[in-house]
Amino acid sequence: MRVNNKGFTLIEVLIATAVFVIVLMITGSAFKTILEQSTKVFRSEESNIEGVIGLEMLRHDLQQAGLGLFTETSSITYTGEALNAPASTYNDFNTGTEPPRPIIAGNNVASASLDPDSSGNYKILANTDYLVIKASTVSTSKTAQKWTYLEISPPNVTPHSWASAAENLGNNDNVVLLKRQVSATGQSTTLMANTSGSPTNFSYAFSNTAFAQFSSSSNAIYTAYGIDSSTPRMPFNRADYFVAQPTSSAGSPDASRIPGVCAKDASGNPSPYVGILYKAMVNHSDGKLTYFPLLDCVVDMQVVLGWDMDGDGAIDCYSNADGTVMTGVCTAPTGGTVVTALSLANNASAATVPNIRNNLKLVKIYVLAQNGRRDLNYTSPSPIVVGDSNAAEISLTSSYDLAAKGLLNYRWKLYRLVVRPKNLFSNE
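Under full-length UniProt numbering, the first residue of the sequence shown carries the number 1, and numbering increases by one thereafter.
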């Protein structure tokens, strides 16, 4: 029997090799495509998670706006709030007697340097809105998350003790005491002076005997709200929200403190138009800001306010952040517009013209943020409306021109928050 000992010809080997190489190339190309797409999806989902967590903190603070604030002109003074501009623009202390406004906002503010901290400098992004929220609970301090009321059984006056020890205020925690009265004509909340020291102070060092001098009538309730473990600068806590960029001493973007995925300019440096959404607490110790980054790669934040001007429970009017642009019926039956309502001088509960406590129903927040890394195969639509695109509201926000700022090769997501502050009279 003949055995064929012939092997493969060179041409056959070359063809087989070529086919194998082509298959490898197709597989490699497919893997590269899958890897690129998965990276985009991963970064996009990472951005979404950051957005949910960070903006949920903003939502919480908006819902708490006004909690633990007094509503009546007080004889007790306090020395200040934020020490430096632009944060000091939104101070309410004046002579220290006016009730603090629960919510204040600046519209399309100018670029300005903020308080530096140990990591470096910060600068507000131009033409973004600036939001200030005042309440006892907006601080990150554990003391600020606690409150109690006075149990009065003459001659004994003692703070109520909660079942969970973690919810109880600790000895020497700094608190304010508010007296709330309800009558046929409405309700009022008065800041109670601590006359045990000199000079008279607005805060108390908490203890079971700190309020022994108080009694109560049938229409009054005394409530103690935790402020801070250190000596309070003001009888409330304050959180500022804004879009800012970490900067060097020369004022240029600081690449070491800006996430690498954020948009770059043509030279590969961080874009001067992209910043970070911050929550900043006003320190009780010195009036400067402590920064908490909430969302990376943000280019704009816009604030819209909804108002019930006639007190019927329905929203009659919308305005931009500072009330300079309005749509709808924005004049109250008693006179006054949204600008009147936002004024510090009209913030007491007895005011006969509109004010924030009695007439603000709704707050809308719009945040435009980068969604994923740069993609040369993608071109974003531009401009993007940072707000509701319906004709009635579009004048209250802004239209962001991505093309003019060299940001077309990035995907962008518009986050929307719609919140009814629960502690304003208008929503009770």
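C-beta: ideal position from N, C-alpha, C; glycine also.
Between which two residues does the alpha helix (DSSP H) harbouring residue i extend?
i, result
"Leu-342", "338 to 342"
"Arg-357", "356 to 359"
Which residues bound the beta strand (DSSP E) around residue i?
i, result
"Gly-387", "From DSSP, Gly-387 is part of no beta strand (DSSP E); its letter is neither H nor E."
"Trp-412", "412 to 419"
"Pro-102", "Counting along the chain, Pro-102 falls outside any beta strand (DSSP E), and DSSP gives it neither H nor E."
"Gly-226", "220 to 228"
"residue 429", "With the chain covering only 1 through 428, there is no way to say anything about residue 429."
"Ser-399", "398 to 400"
"Phe-292", "289 to 307"
"Cys-317", "317 to 319"
"Lys-179", "174 to 183"
"Val-157", "156 to 159"
"Gln-187", "186 to 191"
"Thr-71", "From DSSP, Thr-71 is part of no beta strand (DSSP E); its letter is neither H nor E."
"Thr-327", "326 to 328"
Considering Cα atoms alone, identify which of the options is closest to residue i.
i, options, result
"Asp-240", "Met-301, Ser-256, Ser-249 and Asn-208", "Met-301"
"Thr-223", "Asn-171, Thr-128, Arg-180 and Ser-230", "Arg-180"
"Thr-79", "Phe-70, Ala-65, Glu-98 and Gly-66", "Glu-98"
"Gly-275", "Thr-128, Tyr-225 and Thr-340", "Thr-128"
"Val-325", "Gly-106, Ser-153, Thr-140 and Pro-253", "Gly-106"
"Ser-395", "Tyr-318, Gly-28, Pro-333 and Thr-331", "Tyr-318"
"Ala-112", "Pro-102, Gln-213, Tyr-130 and Met-281", "Tyr-130"
"Glu-56", "Ser-75, Tyr-415, Ile-104 and Asp-117", "Tyr-415"
"Asn-174", "Ala-163, Glu-167 and Ala-144", "Ala-144"
"Lys-359", "Gly-336, Ser-426, Leu-295 and Val-353", "Note that residue 359 corresponds to Asn in the displayed sequence, not to Lys. Taking only the C-alpha atoms, the option nearest Asn-359 is Ser-426."
"Ser-74", "Asp-265, Gly-251 and Thr-189", "Thr-189"
"residue 475", "Ile-104, Asn-172, Tyr-291 and Glu-151", "No statement about residue 475 is possible, as the shown extent of the chain runs from 1 to 428 and does not include it."
"Ala-404", "Leu-24, Ser-382, Leu-114 and Ser-248", "Ser-382"
"Pro-259", "Ala-165, Lys-123, Leu-295 and Leu-177", "Leu-295"
"Val-243", "Val-19, Tyr-122, Val-419 and Phe-70", "Tyr-122"
"Gly-328", "Gly-251, Asn-269 and Ala-392", "Ala-392"
"Ser-215", "Asp-308, Val-353, Val-13 and Pro-154", "Pro-154"
"Thr-209", "Ile-221, Ala-16 and Ser-196", "Ser-196"
"Ala-266", "Ser-88, Ser-29, Leu-407 and Asp-115", "Leu-407"
"Leu-169", "Lys-288, Lys-146, Lys-364 and Phe-31", "Lys-146"
"Pro-86", "Ile-104, Asp-254, Val-13 and Glu-72", "Ile-104"
"Pro-232", "Pro-116, Leu-24 and Asn-172", "Asn-172"
"Gly-226", "Thr-337, Thr-334, Lys-288 and Pro-159", "Pro-159"
Excluding five sequence neighbours on each side, which residues of the same chain lie with their C-beta closer than 8 Å to the C-beta of residue i?
i, result
"Thr-397", "Gln-302, Val-304, Asn-320, Tyr-366, Val-385, Val-386, Gly-387 and Asp-388"
"Trp-412", "Val-299, Leu-368, Ala-369, Gln-370, Asn-371, Ser-380, Ile-384 and Leu-402"
"Leu-376", "Asn-409"
"Arg-238", "Glu-81, Ala-82, Val-132, Ile-133, Lys-134, Val-138, Met-281 and Val-282"
Any idea which residues DSSP pairs residue i with across the strands?
i, result
"Gln-245", "Lys-123"
"Lys-264", "Pro-270"
"Ala-135", "Asn-237"
"Lys-279", "Tyr-241 and Phe-292"
"Ile-365", "Val-303 and Leu-417"
"Asn-194", "Asn-201"
"Asp-117", "Gly-120"
"Tyr-130", "Gly-106"
"Gln-370", "Trp-412"
"Pro-253", "Thr-247"
Leaving out five residues on either side along the sequence, give the residues of the same chain with a beta carbon under 6 Å from the beta carbon of residue i.
i, result
"Asn-194", "Asn-201 and Tyr-204"
"Cys-297", "Cys-262, Val-274, Ala-369 and Gln-370"
"Gly-306", "Ile-315, Tyr-318, Lys-361 and Leu-362"
"Met-234", "Tyr-78 and Glu-81"
For residue i, which residues in the same chain have their Cβ closer than 7 Å to its Cβ, ignoring the five residues on either side in sequence?
i, result
"Pro-293", "Ile-276 and Tyr-278"
"Ser-285", "Ser-230"
"Gly-66", "Pro-102, Ala-135, Arg-357, Pro-421, Asn-423 and Leu-424"
"Ala-110", "Ala-126"
"Ser-119", "Arg-257"
Could you confirm whether any beta carbon from chain C is found closer than 8 Å to the beta carbon of residue i?
i, result
"Gly-287", "Protein chains in the displayed structure number just one, and chain C is not present."
For this session: Scan the region 9 to 35 and note each continuous beta strand (DSSP E) run of 3 residues or more that stays entirely inside, going in chain order.
Result: List check, beta strand (DSSP E) in window: nothing returned.
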